[in-house]
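Listed in order, the protein sequences are those of chains A, B, C and D.
Okay, so the first sequence: first residue is 1 according to our numbering, each after it adds one.
Okay, so the second sequence: first residue is 1001 according to our numbering, each after it adds one.
Okay, so the third sequence: first residue is 2001 according to our numbering, each after it adds one.
Okay, so the fourth sequence: first residue is 3001 according to our numbering, each after it adds one.
The C-beta atom is built at its ideal place from N, Cα and C for all residues, glycine as well.
Computed from a predicted structure; not experimentally measured.
Number of protein chains: 4
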Amino acid sequence: MDDERRLTPQGLERKQQLLDCAARLFAERGYADTRVIDIVRAAGVAKGLFYWYFENKEQLFRELAEEIRMRLRRSQGEAIDLDADPLTRIRQGAEASVRFMAINAPFFALLEVENIDRRFVDVLRQGTDVHVTDVAALVREGIEAGLIRDDDPVLLARGVVGIVGLYSHFHRTGRSEVPISELATFVGRFVVRSLAADDEIALSATNEETRSVRATTSGRLGGSG
Amino acid sequence: MDDERRLTPQGLERKQQLLDCAARLFAERGYADTRVIDIVRAAGVAKGLFYWYFENKEQLFRELAEEIRMRLRRSQGEAIDLDADPLTRIRQGAEASVRFMAINAPFFALLEVENIDRRFVDVLRQGTDVHVTDVAALVREGIEAGLIRDDDPVLLARGVVGIVGLYSHFHRTGRSEVPISELATFVGRFVVRSLAADDEIALSATNEETRSVRATTSGRLGGSG
Amino acid sequence: MDDERRLTPQGLERKQQLLDCAARLFAERGYADTRVIDIVRAAGVAKGLFYWYFENKEQLFRELAEEIRMRLRRSQGEAIDLDADPLTRIRQGAEASVRFMAINAPFFALLEVENIDRRFVDVLRQGTDVHVTDVAALVREGIEAGLIRDDDPVLLARGVVGIVGLYSHFHRTGRSEVPISELATFVGRFVVRSLAADDEIALSATNEETRSVRATTSGRLGGSG
Amino acid sequence: MDDERRLTPQGLERKQQLLDCAARLFAERGYADTRVIDIVRAAGVAKGLFYWYFENKEQLFRELAEEIRMRLRRSQGEAIDLDADPLTRIRQGAEASVRFMAINAPFFALLEVENIDRRFVDVLRQGTDVHVTDVAALVREGIEAGLIRDDDPVLLARGVVGIVGLYSHFHRTGRSEVPISELATFVGRFVVRSLAADDEIALSATNEETRSVRATTSGRLGGSG
DNA sequence: AATGAATGAGTATTCATTCAT
DNA sequence: GATGAATGAATACTCATTCAT
């Protein structure tokens, strides 16, 4: 297939169908153990058609990864309260991510391929890198505001992103005994605790009612900043 | 090869040589991209000899994983100050793990295969499970002693183990800009912050001079315990 | 390949071509000594194509065996005079088999694999078993009619089927000095002699002119029956 | 190993042990499916030792085949009544063979390899050829004496030998419902019927009491001879 | 767009045989 | 005689990708 082929509406549908089937199979059996023929069979079309819509198996994976990444970012964006303080926003993002990943588990299972196939390190790392950059910015903000302890912002951000992925993975692989909403709260708490400058701030940022730490702890913050 | 073959000293040496070569290659190129022939070539022996010492490629991997797991546990054990309080011990273990994993990077890269090949989920998960159980016990101790915040011990333990692996992975994959000793300290701090019941305890457990939190904060601990 | 693939006419042709090539090679060199690559080379196609049409080498063999079995039965059916008495029919079947096996020697050589590969015992034994059952029915008829000596019908049938295969084998392996038509007559005679209730009946059943023993020896048969 | 090595008594014992183990394994799994290592393991010795006693696997098989052939001939010789008429002797030989083959089933299973491996056609065919020659001589005698119908002696002899092998094979492969002694008698009867010049002779030769047809039917024989 | 056919590089594993001690 | 180690040729099967209709 060429770069930009114009696909008819029917064509787009077929392509999406193939993407969906592939996503399901990849999630079920993993990338390597899903053969092109499995995908086309699941979609009920002939083998040759696969290459009408995708350059190759690898490209399909990349498209899929891209799509998933977009969805995640969108969902994170929606979950974050723009008026809240950085730490709270980090917590909200973390919680939202855990919830979202749980719902779209099969999709996200895919992202774990990162370590698998050296071919995909780039695509997948890219995804987390963007995420890390976002969080790192918030961390910096938080540090400046005295809400987050003064440590390497990027390292901290990596920790946040990593922890979210970690617990999502546990949940996905059936090793989490607690219900998803509880797990999300736990992760939010965990993240806040890891970052918070002190106990009081941690408490505030964990309290769902308190939309803005700054507001409630202004005195103290003013003093410490 | 069958069950328990009796190997001559020379044989044992040869076997270890194959294990070493395999470990290096797996680390360099990954499991799937390392062919049996690559391993024997690296060892400078004939293809057939591989099957004299190992049932197949998979078994070799399992032996390797087992070996690595053992080493890790041993190194952790050595790093922990038995007289220290649980939280400090967790920190020490975490720091030691990060350091150890950094030194033996090629080895531990292997353990990341967990997500890769569904065949190995068992072996590899086993390794972390043991580790998690150990840490969970310390967490419980810490909670009882009022050093660690009151949260699900297993979930907390998973976080600790996960974070260690996380940062080791970053370091291994060249995304850590800081030197290893600094990273280890960072991780120790991170873990302590995640778990500590309050700021003061966190501070104590992070202070390397203070071997035992219990000693310096005995009054407080005694009161809350 | 999976279950029931729909093959285009061209595909069917190709498949038959592969079957033919395989049959020839198996006959020439034996099953084990015929590699898949030999078969595809003989057909002038790529290796992978073999697995488009057949699950594996074993399945191809089974298809081949099935095909040969069908042909044999058909030819036997055509050779037998339905109005003739059982003994004569047995003789006709035996003679026809010998002739047919001689003509299709390469094919039938394959059936001798029975003893070879334990994997194929089932397929091949099945073939003879059907044949034995058929003959046994005729033997029973013959015994009731007093044409065949009173002995275990199944054992007798096995002998008949075995003898036919035996002499065919001799002929196939170049140890028969006599021309095929003569050999067939010999086998017919041999079989009749082995089964006949008495000399006179044997004579009648061997005489090609006499279509029905019953007709010519009615008096005697009536007396002894 | 060289041609004629002088083996110590212990060495001979070891060699026989290997032969026995091989025979058992060949019978159980067939020649191809029995690996050299299986044989040495069964004997509890090291792999290398095999080649001290045998040139290779093939030679061992040949030695084994030779040994079995000898045994069979010996047993046939013992079973035959030297004073009996040719037809009776053929019958006795056939019956003895069936019995002997049944007893030494595992051994004789080996001889069926004839069709299997083209390598062994010579060794194995040799065995039957000798047997056929012996029987053919008797057949000729029988024809001259008017006991056996006038037909190609070699072809008849082949039939006799073949039938014996046939029924032995059935018995060996568990498809014979009748006890071995009964089967032997059946085969004797079958063979006699196939060969006998007429009913009366057949009857005499089948009668175990009658040691010599000549004796009881002297008048007739004298008349016809 | 869609199909079924065709390609062929790539690889783990087996096992008879030889060798050094 | 005996052992364990070492050799390497040989082969079935997979699967992404391309091709002719």
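query: Should D3134(D) go down as buried or exposed, given a rule of 16 or more other Cβ atoms within 10 Å for buried?; result: buried
query: For V1178(B), return the contacting residues in chain A, with the cut-off set at a CB-CB distance below 9 Å.; result: D152, L155
query: P3153(D): buried (16+ other C-beta within 10 angstroms of its C-beta) or exposed?; result: buried
query: Does chain B have any CB closer than 9 Å to the CB of L183(A)?; result: yes
query: At 3 residues or longer, what runs of the beta strand (DSSP E) sit wholly inside the stretch 1043-1080 of chain B?; result: none
query: Check whether chain A comes within 9 Å of I1194(B), counting only Cβ atoms and requiring the distance to be less than that.; result: Here the sequence assigns Ser to residue 1194(B), which means Ile is not the residue at that position. Yes, S1194(B) counts as interfacial toward chain A.
query: I'd like the list of long-range same chain contacts for G2050(C), defined as Cβ closer than 6 Å, with 5 residues on each side in sequence excluded.; result: Position check: residue 2050(C) holds Phe in this sequence, whereas Gly was assumed. These residues qualify, in order along the chain: V2036, V2040.
query: What residues in the stretch 1126-1153 of chain B have a beta carbon less than 8 Å from any beta carbon of chain A?; result: R1149, D1151, D1152
query: Helix, strand or coil for L2105(C) per DSSP?; result: In the sequence on display, residue 2105(C) carries Ala and not Leu. Helix, per DSSP.
query: Run through chain A and tell me which residues come within less than 7 Å of F1190(B), C-beta to C-beta.; result: G159, S194
query: How far does the alpha helix (DSSP H) with L203(A) in it reach, from first residue to last?; result: 199-206
query: So is T1088(B) buried or exposed if we call it buried at 16+ other beta carbons inside 10 Å?; result: buried
query: So what does DSSP say about A1196(B), is it helix, strand or coil?; result: strand
query: Which residues in the same chain have their Cβ closer than 6 Å to the Cβ of R2099(C), if we skip the five residues on either side of it in sequence?; result: A2184
query: Between E3055(D), L3060(D), D3198(D), which lies nearest to C3021(D) when the distance is taken from Cα to Cα?; result: L3060(D)
query: May I have the straight-line CA-CA distance separating R2091(C) from A2197(C), to the nearest angstrom?; result: 14 Å
query: Give the interface partners of F2054(C) over in chain D, defined as CB-CB distance under 9 Å, in chain order.; result: Within 9 Å Cβ-Cβ: nothing; F2054(C) doesn't reach chain D, min ~22 Å.
query: Could you check which residue in A102(A), Q126(A), R29(A) has the C-alpha nearest to that of R172(A)?; result: A102(A)
query: At a cut of 8 Å, does the stretch 3155-3173 of chain D reach the stretch 3124-3134 of chain D through at least three beta carbon pairs?; result: yes
query: For the alpha helix (DSSP H) containing R24(A), list its first residue and its last residue.; result: 9-29
query: Per DSSP, which one or two residues make a beta bridge with I3148(D)?; result: A3196(D)
query: Using beta-carbon positions only, say whether L2064(C) and F2026(C) come within less than 9 Å of one another.; result: yes
query: Using a 10 Å radius around the Cβ and a threshold of 16 neighbouring Cβ atoms, would you call Q1016(B) buried or exposed?; result: exposed
query: Taking buried to mean at least 16 other C-beta atoms within 10 Å of its own C-beta, is G146(A) buried or exposed?; result: buried
query: Return the CA-CA distance between A1042(B) and K3047(D), expressed in angstroms with no decimal places.; result: 27 Å
query: I want to see whether chain D comes within less than 9 Å of R2175(C), judged by CB atoms only; does it?; result: yes
query: Reducing DSSP to helix, strand and coil, say where R158(A) ends up.; result: helix
query: For L3166(D) and L3019(D), what's the separation of their Cα atoms in angstroms?; result: 26 Å
query: Leaving out the 5 sequence neighbours to the left and right, which residues in its chain are closer than 7 Å to R193(A) when beta-carbon positions are compared?; result: A202
query: Contact check, G2188(C) vs E2095(C) under 8 Å by CB: the rounded distance?; result: 4 Å
query: List the residues of chain D that D2038(C) touches, going by C-beta distances under 9 Å, in chain order.; result: In chain order: nothing, as chain D lies at least about 15 Å away.
query: Using only the alpha-carbon positions, how far apart do R29(A) and W2052(C) sit?; result: 23 Å
query: Since I3148(D) and L3195(D) are thought to touch, with beta carbons under 8 Å apart, how far apart are those beta carbons, to the nearest angstrom?; result: 5 Å
query: In the structure shown, what three-state DSSP assignment does G1174(B) receive?; result: coil
query: In chain C, which residues lie less than 8 Å from I3163(D) when you measure between Cβ atoms?; result: G2159, G2162, I2163, L2166
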